[in-house]
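Engineer:
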Amino acid sequence: MKDLYSKYKGALHASLLYLIGFGLAAVAYFSFNEAYTHGPGLSHIIVIITVLIGLFKLIPNVFKYITKSPDQLSKGAFMVHGIVAGGLLLWFLILYYEIRNPKDDIVVRGEYLITSGDTIIIADENGDTSYLRIGDKTIIDKQGIDSIK
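According to this note's numbering, the stretch in the sequence shown is residues 5 to 153, in order.
1. Only counting the same chain, and skipping five residues up and downstream in sequence, which positions put a Cβ closer than 6 Å to that of Leu28?
2. Taking 8 Å as the cut-off, does the segment 76-92 touch the segment 52-59 (at least 3 CB pairs, one atom from each stretch)?
3. Where does the unbroken beta strand (DSSP E) through Tyr135 begin, and where does it stop?
4. With burial defined as no fewer than 16 other Cβ atoms inside 10 Å of the residue's Cβ, what is the status of Tyr135: buried or exposed?
5. Would you decide whether Gly139 is buried or exposed? Buried here means 16 or more other CB atoms lie within 10 Å of its CB.
6. By Cβ distance below 6 Å, which residues in the same chain neighbour Ala81 in space, the five residues on each side in sequence not counted?
7. The beta strand (DSSP E) with Ile149 in it runs from where to where?
8. Which of helix, strand or coil does DSSP assign to Lys61?
9. Quick one: give me the first and last residue of the alpha helix (DSSP H) that Tyr33 is part of.
10. Around the C-beta of Val84, are 16 or more other C-beta atoms found within 10 angstroms, so that it is buried, or is it exposed?
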């Protein structure tokens, strides 16, 4: 058992860092009321601090991995920190792509809001159009949207 621990010691220490950090963030999220909605809550700050600590621990492991022969401790820690950093980078890239290429369809309670240029269409999930507006001219208004003032 001791041999197994020494083999995966770096990975276990790095995993423990993220387990404790993300666990504390979960406890903070479910325990404290996040009343101030204009800034990050305590749980967000805990996650950010955990990720920053992980990134600061990743940098020496990268240099150790490149410059000299890495030991078991740095190999395992490099692997865990690299997975977390790579996942975070992938998440940011996907988020960036989604912001740059927004979808036109928004689904709310089984209705679709479709916008294209100056055309607005509201249709239900069966394809029945309840509102159609092209430019400033309303073609179909089954919901009485334009009569609401």
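Where is the CB? At the ideal position from N, CA and C, for every residue including glycine.
Structural biologist: On the basis of the supplied data:
1. Residue mapping note: residue 28 aligns to position 24 of the sequence shown, counting from 1. The beta carbon of Leu28 lies closer than 6 Å to those of Ile50 in the same chain, with the five residues before and after it left out.
2. yes
3. The count along the sequence shown starts at 1 and reaches residue 135 at position 131. First-last of the beta strand (DSSP E) with Tyr135: 133-138.
4. For the purposes of this step, residue 135 is identified with residue 131 of the sequence shown, where counting begins at 1. Per the 10 Å Cβ criterion, buried.
5. Translated into positions along the sequence shown, residue 139 becomes position 135. Counting Cβ neighbours within 10 Å, Gly139 comes out exposed, since fewer than 16 surround it.
6. For the purposes of this step, residue 81 is identified with residue 77 of the sequence shown, where counting begins at 1. Excluding sequence neighbours, Ala81 sits near Gly14, Ala18, Asn65.
7. Taking the sequence shown and counting its residues from 1, the one referred to as residue 149 is at position 145. Ile149 -> no beta strand (DSSP E), and no H or E assigned at all.
8. Here residue 61 corresponds to residue number 57 of the sequence shown, with the count starting at 1. Looking at Lys61 - three-state DSSP - the assignment turns out to be helix.
9. As a first step, residue 33 is located in the sequence shown; it is residue number 29 there, counting from the start. 13-35 is the span of the alpha helix (DSSP H), which, as asked, contains Tyr33.
10. Along the sequence shown, one-based indexing puts residue 84 at 80. Flag for Val84 reads buried.
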